[in-house]
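Following: one structure in structure tokens, then a few remarks.
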Amino acid sequence: MTAARLLARVALALIVVALVGLPVMVLAQDIPREAQQYRRDLVRNARMIWGLDAPVATFGAQIHQESAWRPDARSPYAHGLAQFTPATADWIGDLDPALVAADTGNPVWALRALVRYDAWLYARVPVASNAQPCERMALALRAYNGGLGWLQREAKSGKPCAAFRNAANCRENLGYPQRILTRLEPIYIRAGWGLGVCA
381 MTAARLLARV ALALIVVALV GLPVMVLAQD IPREAQQYRR DLVRNARMIW GLDAPVATFG
441 AQIHQESAWR PDARSPYAHG LAQFTPATAD WIGDLDPALV AADTGNPVWA LRALVRYDAW
501 LYARVPVASN AQPCERMALA LRAYNGGLGW LQREAKSGKP CAAFRNAANC RENLGYPQRI
561 LTRLEPIYIR AGWGLGVCA
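Numbered per this note's numbering, the sequence shown finishes at 579, counting up by one with no gaps.
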């Protein structure tokens, strides 16, 4: 084989490797780099609470939405990776003894608290008995974002979100699960984070 032919084959192999790796690089750009350091803790906690088929990609997408994987993230009412309010952080210890010492700034605490709270909400959202997991999770996410009481009030009255909240809060609450489940969850699934509830 001539040197020119060998060089051409090497160049072709490099092009193929680059093209195959390109989608992974694009996905990596969509998921914050900080997410990787917490991935194992998320998988472990999700599987411990939800079982081996836990929707880890969904939880990753939710944390992405909540804090962009920044443990020091702050909003006017919440703090940490999972953006727990002080009241919810104190209350969650009643569900899980490992969460009694509320520490929203601790990433491992926040990951466990998020998947535990999601499981609690998932079991309580007002849905039809034949509801699909994706629909049920969308409601659980709305409850996480805006409160289970608001969601139950809507279901009981048969009136839409806008009947009980101002337009901005209603838009945010309806958009929250949509962004997580339709935009972010697929990114985490394609990046190999595991199962999602809507994919």
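Here a beta-carbon is modelled for each residue, glycine too, at the ideal position from N, C-alpha and C.
Cβ-based neighbour list, residue i, same chain, cut-off 7 Å, excluding 5 preceding and 5 following
i    : result
A518 : P557, L561
Beta bridge counterpart(s) of residue i as assigned by DSSP
i    : result
R454 : H459
F464 : H459
Residue j beta carbon less than 8 Å from that of residue i
i    : j    : result
E565 : A415 : no
Y457 : Y497 : no
I429 : V495 : yes
L575 : P487 : no
D463 : A453 : Reading off the sequence shown, one finds Gln at residue 463, where the question assumed Asp. Yes. Within cutoff.
6 Å Cβ shell around residue i - same chain, five flanking residues per side excluded
i    : result
Q532 : P506
H459 : T484
Same chain, Cβ closer than 8 Å to residue i, neighbours up to 5 away in sequence not counted
i    : result
A579 : A437, E565, P566, I569
L554 : R522, C541
L528 : L501, R504, V505
A535 : P506
Expected contact under 8 Å - CB spacing of residue i and residue j to nearest Å
i    : j    : result
A490 : L461 : 4 Å
Counting pairs of beta carbons, one from the region 482-500 and one from the region 459-474, are three or more of them closer than 8 Å? yes
With contact counted as at least three CB pairs below 8 Å, one residue from each stretch, are the region 441-455 and the region 506-517 in contact? no
Are there three or more Cβ pairs, one per stretch, closer than 8 Å when the region 533-551 is compared with the region 419-435? no
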